[in-house]
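Q:
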Amino acid sequence: MNSDENQAEAVQTMQETFAAGLQQAMGALATAGKSAGFPSMDISQFKQAQPALRFDSAKLQALQRRYVDDASALWNQGLKASADASPLSDRRFSAEAWKTNPVSKFSASAYLLNAGALMGLAEAVEGDAKTKARLKFAVEQWMAASAPSNFLALNAEAQRQAIASRGESIAKGLANLLHDMKQGHVSMTDESIFEVGKNVATTEGAVVFENEFFQLLEYKPLTDKVYERPFLLVPPCINKFYILDLQPDNSLIRYAVAQGHRTFVVSWRNPDESMAGKTWDDYIEHAAIKAIEVVQEITGAKTINALGFCVGGTILATALSVLAARGEKPVASATLLTSFLDFTDTGILDIFIDEESVKYREQELGQGGLLKGQQLASTFSFLRPNDLVWNYVAGNYLKGETPPPFDLLYWNSDSTNLPGPWYAWYLRNTYFENNLVKPGKIVVCGEKVDLSKVDMPVYIYGSREDHIVPIGGAYASTQHLPGKKRFVMGASGHIAGVINPPTKNKRSYWTNDKLPQGKFPAAQADWIKGATEHPGSWWTDWSDWLKGHAGKQIAAPKAYGSRKCQAIEPAPGRYVKVKA
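Heads up: the sequence shown is residues 1483 to 2062, going by my numbering.
Here you go:
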């Protein structure tokens, strides 16, 4: 057999191996999709589609050559182990035990070689972007789950720990497994350490209004004078508001209060069966709009400033559009933090969205029911499987470790439910059909939604490495809001980029003050060309901007609420403490 025939046979073998493994990989994708509340992909249908897969021949040949060379080098190295052997680059295998255990090191090296080859094959597939993204995600899930670090028989570090502890680590691991099975999710932190209102969500305040959708919190002023225009924060309803109030030194809520703003926050109710029929319209009319009205009533202010974070930004912008259609403009300025209005670029989440999945959710939940919070939490974790899933499987169960206390991960595990009709509407009209940016396309609370009528000044923030709201998705809001706009990009991701207090002096942010007023380029990549990087937190830039829309300073109130809306209970209130 000549070299061309050998190469052709090798390429064919790789394609056959990839096709066989792809069934398992798509099974991982189906599991992730199911946890997100989307229907499982029909593996039999995918198997029928496999012959239609085409590979870029040049990429495939280059991959085959590299694979053969790397496999030969690994085989020649064999099962050697030495004290001065170089560690594997992947941090899952960086401990000393992996370097000195020949079987484990060889299994890790072979795993990394095959993982790289499979990802290369996924890259070499010729097809539309969504199909390729689904393949890459499926392969990533499969390889993350099959890593030798996830199995006691191959995990050299866990084996060494078991020997050193005389089996105690295995006993602790089993206890951890039983505990997590009982609570229904993998522990990312020692949740027993934290208590909402005791050592997280501790900024002093009171509940001054509540209905079946939310409690409104008012915070005690930290200054003798406050700005006359009050400030309302609308957090996402898919998780709890205290991500904005984890600790005093990184609390955006406390920071706003300290800057002299009379601050109010929506604390969403964690839905139970009594809310199983609630809709998007309900959340707009009886929550976002109602919160604005109550803040006006309590403070006597004709207009307020408002902030929406993530889905809270989508809710706030929809509410402002409804109010504008009614001829009302109670909000003087708005801030949107890592929020979608235009859902053209939704990043990795797009792989779960198609007509079949949306119809499935509409049939299952559109007329009533609850999307359980743990389903969404699991989905977001599997977007980063090595860091947020298998890292804890290996640590908690194989090594018998208790993860250290971390307030952010405690919040991340404190999930919330969603009403089925709300979720079904949101799924179709935002992620799938992108209707919010189509003037008059949808009717909410009896009004046609038209974002071009939301013409107040807006501060728009996006995080550069955000995998939930990609930076392009956050930036796209500049193309649909007609008022005076300021766009700022921060370093890091969806949460760490937002929760970046000035006192830490970490990371950086970018502004572009060279643009003619209102002339934002269509693409964020063009905006960044003229942007300037600043060290530290974007909070100071935002604070300066917000003060310019806050009006004059007046004496701080001596009591919470008003005669009509009196204090009900201390912040953070009851609603935020309800578990899903």
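No residue lacks a Cβ here, since even glycine has one placed at the ideal position from N, Cα and C.
Could you please give the first and the last residue of the uninterrupted beta strand (DSSP E) stretch that includes residue 1619?
A: In the sequence shown, residue 1619 corresponds to position 137, counting from 1. Note, residue 1619: premise wrong, no beta strand (DSSP E); alpha helix (DSSP H) at 1611-1627.
Q: Does the segment 1687-1704 come close enough to the segment 1740-1755 that 3 or more CB-CB pairs lie under 8 Å?
A: With a cut-off of 8 Å, the segment 1687-1704 and the segment 1740-1755 count as touching, because enough Cβ pairs lie within range.
Q: Have a look at residue 1795 and residue 1715 and give me their C-alpha separation to the nearest angstrom.
A: What you label residue 1795 is simply residue 313 of the sequence shown in a count that begins at 1. What you label residue 1715 is simply residue 233 of the sequence shown in a count that begins at 1. Whole-angstrom Cα-Cα distance: 9 Å.
Q: Quick check: what's the CA-CA separation for residue 2115 versus residue 2046?
A: Residue 2115 lies beyond the range of the chain shown here (1483 to 2062); nothing can be said about it.
Q: Rounded to the nearest angstrom, how far is the Cβ of residue 1737 from that of residue 1983, given a contact under 8 Å?
A: By one-based count along the sequence shown, residue 1737 stands at place 255. By one-based count along the sequence shown, residue 1983 stands at place 501. Yes, residue 1737 and residue 1983 are in contact; Cβ-Cβ is about 7 Å, under 8 Å.
Q: Going by DSSP, what residues sit across from residue 2035 in a beta bridge?
A: As a first step, residue 2035 is located in the sequence shown; it is residue number 553 there, counting from the start. 1709, per the DSSP bridge assignment.
Q: Report buried or exposed for residue 1663, applying the criterion of at least 16 other Cβ atoms within 10 angstroms of its Cβ.
A: Mapped onto the sequence shown, residue 1663 falls at position 181. By the neighbour-count rule (16 or more Cβ atoms within 10 Å), residue 1663 is not buried but exposed.
Q: For residue 1517, collect the residues of the same chain with a Cβ closer than 8 Å to its Cβ; drop the 5 residues on either side in sequence, then sort them by chain order.
A: As a first step, residue 1517 is located in the sequence shown; it is residue number 35 there, counting from the start. Summary for residue 1517: the model assigns pLDDT 39, below 50, so the residue's position carries little reliability, and this model does not support an answer.
Q: State whether the segment 2044-2060 contacts the segment 1755-1767, with contact taken as three or more CB pairs (one from each stretch) at a distance under 8 Å.
A: With the cut-off at 8 Å, the segment 2044-2060 and the segment 1755-1767 do not touch.
Q: Considering only the alpha carbon of each residue, which of 1895, 1689 and 2025 lies closest to residue 1671?
A: The residue you call residue 1671 lines up with position 189 of the sequence shown. If we check each option's Cα against that of residue 1671, 1895 comes out closest.
Q: Nearest to residue 1998 by CA position, among 1976, 1980 and 1968, is which residue?
A: Here residue 1998 is taken as the residue at index 516 of the sequence shown, counted from 1. Minimum Cα distance to residue 1998 is reached at 1968.
Q: In three-state DSSP terms, what is residue 2060?
A: Position 578 of the sequence shown holds residue 2060. Coil.
Q: Look at the alpha carbon of residue 1600 and the alpha carbon of residue 1735, and state the distance between them as a whole number of angstroms.
A: Taking the first residue of the sequence shown as position 1, residue 1600 is located at position 118. Taking the first residue of the sequence shown as position 1, residue 1735 is located at position 253. Taking the straight line from one Cα to the other gives about 46 Å.
Q: Express the C-alpha separation of residue 1811 and residue 1935 in angstroms, rounding to a whole number.
A: The residue given as residue 1935 occupies position 453 in the sequence shown. The residue given as residue 1811 occupies position 329 in the sequence shown. Answer to the nearest angstrom: the Cα atoms are 10 Å apart.
Q: For residue 1739, tell me which candidate among 1659, 2044, 2038 and 2051 has the shortest Cα-Cα distance.
A: One-based indexing of the sequence shown puts residue 1739 at position 257. Checking every option, the nearest Cα to that of residue 1739 belongs to 2038.
Q: Identify which residue in 1875, 1616 and 1826 has its Cα closest to the Cα of residue 1658.
A: In the sequence shown, residue 1658 corresponds to position 176, counting from 1. Considering only alpha carbons, the answer is 1875.
Q: In three-state DSSP terms, what is residue 1797?
A: Residue numbering aside, residue 1797 sits at position 315 when the sequence shown is read from its first letter. Residue 1797 falls in the helix class under three-state DSSP.
Q: How is the beta strand (DSSP E) around residue 1968 delimited, first residue to last?
A: As a position in the sequence shown, residue 1968 is number 486, starting the count at 1. Counting along the chain, the beta strand (DSSP E) containing residue 1968 begins and ends at 1967-1972.
Q: Taking Cβ to Cβ, would you say residue 1921 is nearer than 9 Å to residue 1937?
A: The sequence position of residue 1921 within the sequence shown is 439, counting from 1. The sequence position of residue 1937 within the sequence shown is 455, counting from 1. No, Cβ-Cβ distance for residue 1921 and residue 1937 is not below 9 Å.
Q: For a minimum of 3 consecutive residues, which ranges assigned as the beta strand (DSSP E) are wholly contained in the segment 1752-1835?
A: Taking only runs of at least 3 residues, the beta strand (DSSP E) segments lying wholly in the segment 1752-1835 are 1786-1791 and 1813-1819.
Q: Looking at the strands, I want to know which residues DSSP matches up with residue 1688.
A: To locate residue 1688, count along the sequence shown from 1; it is residue 206. Its beta-bridge partners are 1700 and 2052.
Q: Just how far apart, CA to CA, sit residue 1679 and residue 1541?
A: In the sequence shown, counting from the first residue as 1, residue 1679 sits at position 197. In the sequence shown, counting from the first residue as 1, residue 1541 sits at position 59. Spanning the two alpha carbons is a distance of roughly 56 Å.
Q: Which residue marks the beginning of the beta strand (DSSP E) containing residue 1941, and which one marks its end?
A: The count along the sequence shown starts at 1 and reaches residue 1941 at position 459. Note, residue 1941: beta strand (DSSP E), 1940-1945.
Q: Pair every Cβ in the segment 1836-1851 with every Cβ in the segment 1901-1918, then say whether three or more of these pairs are closer than 8 Å.
A: At 8 Å Cβ cutoff, the stretches touch.
Q: Report the option in 1712, 1994, 1750 and 1823 whose CA atom is closest to the CA atom of residue 2060.
A: Taking the first residue of the sequence shown as 1, we reach residue 2060 at position 578. Ranking the options by Cα distance to residue 2060, first place goes to 1750.
Q: Give the straight-line distance between the Cα atoms of residue 1756 and residue 1769, rounded to the nearest whole angstrom.
A: As a first step, residue 1756 must be located in the sequence shown, where it is residue number 274. As a first step, residue 1769 must be located in the sequence shown, where it is residue number 287. Those two C-alpha atoms are separated by around 16 Å.
Q: Okay, do the segment 1824-1835 and the segment 1608-1623 touch, 3+ Cβ pairs below 8 Å being the bar?
A: Yes: the two stretches touch, three or more of their Cβ pairs being nearer than 8 Å.
Q: Pull up the distance between the alpha-carbon of residue 1611 and that of residue 1829, whole angstroms please.
A: Sequence index remark: in the sequence shown, residue 1611 carries index 129 (1-based). Sequence index remark: in the sequence shown, residue 1829 carries index 347 (1-based). Each residue's Cα considered, the two are about 11 Å apart.
Q: Quick one: what does DSSP say residue 2020 is sitting in, helix, strand or coil?
A: Here the question's residue 2020 lines up with position 538 in the sequence shown. It is coil, neither helix nor strand.
Q: Under DSSP, the beta strand (DSSP E) around residue 1746 begins and ends at which residues?
A: Residue 1746 sits at position 264 when you count from the first residue of the sequence shown. That run of the beta strand (DSSP E) goes 1745-1750.
Q: Name the DSSP beta bridge partners of residue 1633, please?
A: Position 151 of the sequence shown, counted from the start, is the residue given in the question as residue 1633. Bridge partners of residue 1633: none, in fact.
Q: Alpha carbon to alpha carbon, what distance is there between residue 1548 and residue 1803?
A: Locating residue 1803 in the sequence shown gives position 321, counting from the first residue. Locating residue 1548 in the sequence shown gives position 66, counting from the first residue. So the alpha carbons of these two residues sit roughly 55 Å apart.
Q: Can we say the segment 1714-1729 touches the segment 1682-1698, given the rule of at least three CB pairs closer than 8 Å?
A: Because the criterion of three Cβ pairs below 8 Å is met, the segment 1714-1729 and the segment 1682-1698 touch.
Q: With distances taken Cα to Cα, identify the nearest neighbour of residue 1872 among 1814, 2015, 1898 and 1628.
A: Residue mapping note: residue 1872 aligns to position 390 of the sequence shown, counting from 1. Of the candidates 1814, 2015, 1898 and 1628, the one whose C-alpha sits nearest the C-alpha of residue 1872 is 1628.
Q: Is it true that the CB of residue 2036 sits closer than 9 Å to the CB of residue 1813?
A: One-based indexing of the sequence shown puts residue 1813 at position 331. One-based indexing of the sequence shown puts residue 2036 at position 554. Taking 9 Å as the Cβ cut-off, residue 1813 and residue 2036 do not qualify as a contacting pair.
Q: Going by beta carbon distance, what residues of the same chain come within less than 8 Å of residue 1886, once the five residues before and after it are set aside?
A: Position 404 of the sequence shown, counted from the first residue, corresponds to residue 1886. Counting only Cβ-Cβ distances below 8 Å, and skipping sequence neighbours, we find 1671 and 1672.
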